[in-house]
Amino acid sequence: MQHEIKLTHFSHGSGCGCKIAPSVLNKILKSAEPAFTDPRLLVGNDNRDDAAVYAIDDENVIISTTDFFMPIVDDPVDFGMIASVNAISDVYAMGGKPIMAIAILGWPLNKLSPEIANLVLKGARQACKNAGISLAGGHSIDSPEPIFGLAVTGSAKRKSLLTNSGAKKDNHIYLTKPLGVGIMTTAMKAGLLGNQDFKAVRDSMITLNKPGEDLGTLECVTSLTDVTGFGLLGHLIEMCEASNLSAKIDFEMIPQFNGLKSYLDQKTIPGGTSRNYKSYGHKVNQLSEIQKTILCDPQTSGGLLIAVDHENNEAFLDLLKRFNLNLQPIGKITEKKELAVYVE
């Protein structure tokens, strides 16, 4: 059957591993031209936040984001779901509520049938339904490789908005999903990933970061982002730099997929890992090879990275119970030091 075609064989990259390296992105975004400033634009690109935020009045804001990539899995329905959940996550990562999405589709019509693209959209509609929003339209092009994602609009109360720049000294750091997506999906592309391990990583990628919508209402939560293509290290460094602080993390406390070690032994390491370390490695203390590989592993539809005031965290702990999240802190925010992140 046509829909059993392996989508990952039609693209040179996969998932958030397709992202342009941060060091290259800096060159692309660099401009000598003065930017147009709008006083209602509360969050733009200054701190590399997850989404743009626009004030519509003194109390309410609109959140706008987009994310798209090439297939990270072979099944078209799964691809549509994962790409959509990943895009919607950027709204949750601002403490917002998604309200609408439109699709972005690039499809190689000379290689893959429209019926397979229809299955991608089926997965997208399911993800949007799970998030309680409509897939309200979109745009498509005939492209050399399959590409799919969403542009998502969200809303929030201005006082509930969370960014990556609000962390405070002594905050505890939490991560809501395990690391290793890039390693596991690279193993899948090589035909090495076991069925149970595939199910674990797929289930993680199609799980919405819904707790983010409620995190914005908690006074003890100071900063929020999601962990995607730049890996845990990259996104934590961005949080630290935006907050003008540093962080110390305990590598042994970082959640990882079960079975990850066997794939590390088989060297199923995505290209994005080395690109991430090249961009961020000078901002962290010396790491072992296994620490580099896991901390710089590009995540697709990764978890929320949360900074929490641990002295006033009862409401946060209650929220974790409500979402059946059994989490322990992976580190804490410190005063600003020579390096952005220290790994123990």
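So that you can map any letter, position 225 of the sequence shown is 210 in our numbering, and since no number is skipped, the others follow by simple counting.
Glycine included, each C-beta is placed from N, C-alpha and C at the ideal position.
Whole-angstrom Cβ separation of residue i and residue j, contact assumed at under 8 Å?
{"i": "residue 76", "j": "residue 139", "result": "3 Å"}
{"i": "residue 64", "j": "residue 73", "result": "About 15 Å; that fails the 8 Å criterion."}
{"i": "residue 231", "j": "residue 135", "result": "Not confirmed; about 34 Å, so no contact."}
{"i": "residue 80", "j": "residue 221", "result": "Wrong, their Cβ atoms sit about 18 Å apart, outside the cutoff."}
{"i": "residue 132", "j": "residue 53", "result": "6 Å"}
{"i": "residue -5", "j": "residue 99", "result": "Actually they do not touch by this definition, with Cβ atoms about 15 Å apart."}
{"i": "residue 40", "j": "residue 143", "result": "6 Å"}
{"i": "residue 305", "j": "residue 312", "result": "6 Å"}
{"i": "residue 97", "j": "residue -10", "result": "7 Å"}
{"i": "residue 224", "j": "residue 152", "result": "6 Å"}
{"i": "residue 268", "j": "residue 186", "result": "Contact doesn't hold; Cβ gap of about 28 Å is too wide."}
{"i": "residue 316", "j": "residue 265", "result": "Contact flag wrong, Cβ pair sits at about 16 Å."}
{"i": "residue 282", "j": "residue 176", "result": "The pair is not a contact, with the Cβ atoms about 20 Å apart (cut-off 8 Å)."}
{"i": "residue 46", "j": "residue 108", "result": "Not quite, the Cβ-Cβ distance comes to about 29 Å (not below 8 Å), so this is no contact."}
{"i": "residue 128", "j": "residue 179", "result": "About 32 Å separates the two Cβ atoms, so there is no contact after all."}
{"i": "residue 59", "j": "residue -8", "result": "5 Å"}
{"i": "residue 67", "j": "residue 190", "result": "5 Å"}
Which residues share a DSSP beta bridge with residue i?
{"i": "residue 327", "result": "233"}
{"i": "residue 317", "result": "157, 233"}
{"i": "residue 139", "result": "48, 83"}
{"i": "residue 123", "result": "88"}
{"i": "residue 210", "result": "290"}
{"i": "residue 269", "result": "326"}
{"i": "residue 284", "result": "Beta-bridge pairing links residue 284 to no other residue."}
{"i": "residue 132", "result": "91"}
{"i": "residue 54", "result": "133"}
{"i": "residue 241", "result": "164"}
Relative to the C-alpha of residue i, which candidate in the options has its C-alpha closest?
{"i": "residue 213", "options": "280, 244, 201, 313", "result": "280"}
{"i": "residue 15", "options": "181, 23, 266, 30", "result": "30"}
{"i": "residue 10", "options": "263, 271, 274, 291", "result": "263"}
{"i": "residue 331", "options": "271, 303, 137, 228", "result": "Since the first and last residues shown for the chain are -14 and 329, residue 331 lies out of range."}
{"i": "residue 273", "options": "179, 40, 21, 328", "result": "328"}
{"i": "residue 254", "options": "305, 226, 270, 284", "result": "284"}
{"i": "residue 154", "options": "323, 301, 326, 319", "result": "319"}
{"i": "residue 286", "options": "206, 25, 160, 37", "result": "160"}
{"i": "residue 36", "options": "26, 204, 50, 85", "result": "50"}
{"i": "residue 87", "options": "59, 103, 119, 78", "result": "119"}
{"i": "residue 323", "options": "106, 270, 303", "result": "270"}
{"i": "residue 201", "options": "97, 302, 236, 82", "result": "82"}
{"i": "residue 184", "options": "129, 233, 244", "result": "244"}
{"i": "residue 256", "options": "296, 314, 242, 172", "result": "172"}
{"i": "residue 235", "options": "158, 23, 278", "result": "158"}
{"i": "residue 310", "options": "276, 71, 240", "result": "240"}
{"i": "residue 276", "options": "314, 298, 249", "result": "249"}
{"i": "residue 203", "options": "261, 297, 48", "result": "297"}
{"i": "residue 193", "options": "205, 174, 206, 162", "result": "162"}
{"i": "residue 174", "options": "251, 156, 110", "result": "251"}
{"i": "residue 78", "options": "85, 48, 314", "result": "48"}
{"i": "residue 182", "options": "247, 260, 71, 302", "result": "247"}
Tell me the residue span of the beta strand (DSSP E) that contains residue i.
{"i": "residue 154", "result": "Counting along the chain, residue 154 falls outside any beta strand (DSSP E), and DSSP gives it neither H nor E."}
{"i": "residue 27", "result": "26 to 28"}
{"i": "residue 38", "result": "37 to 40"}
At which residues does the alpha helix (DSSP H) containing residue i begin and terminate?
{"i": "residue 189", "result": "180 to 190"}
{"i": "residue 224", "result": "216 to 228"}
{"i": "residue 61", "result": "61 to 77"}
{"i": "residue 304", "result": "299 to 307"}
{"i": "residue 169", "result": "166 to 174"}
{"i": "residue 204", "result": "Looking at the DSSP string, residue 204 is not in any alpha helix (DSSP H), and its letter there is neither H nor E."}
{"i": "residue 105", "result": "99 to 116"}
{"i": "residue 249", "result": "245 to 250"}
With a threshold of 6 Å (Cβ to nearest heavy atom), would residue i be considered close to the ligand GTP?
{"i": "residue 169", "result": "Absence of the ligand GTP is noted for the structure shown, with no ligands found whatsoever."}
Determine, for residue i, whether the minimum Cβ-Cβ distance to residues of chain C falls below 7 Å.
{"i": "residue 121", "result": "This model lacks chain C altogether, as it is built from one protein chain only."}
Open item on the list: Tell me whether the region 112 to 126 and the region 146 to 166 touch, counting them as touching only if at least three CB pairs, one residue from each stretch, are closer than 8 Å.
Closed with: no
- [ ] Indicate whether the contact test is met: 3 or more Cβ pairs, each with one atom in the region 163 to 173 and one in the region 120 to 138, closer than 8 Å.
- [x] no
- [ ] Take every Cβ of the region 182 to 198, pair it with every Cβ of the region 288 to 300, and state whether three or more of those distances are shorter than 8 Å.
- [x] yes
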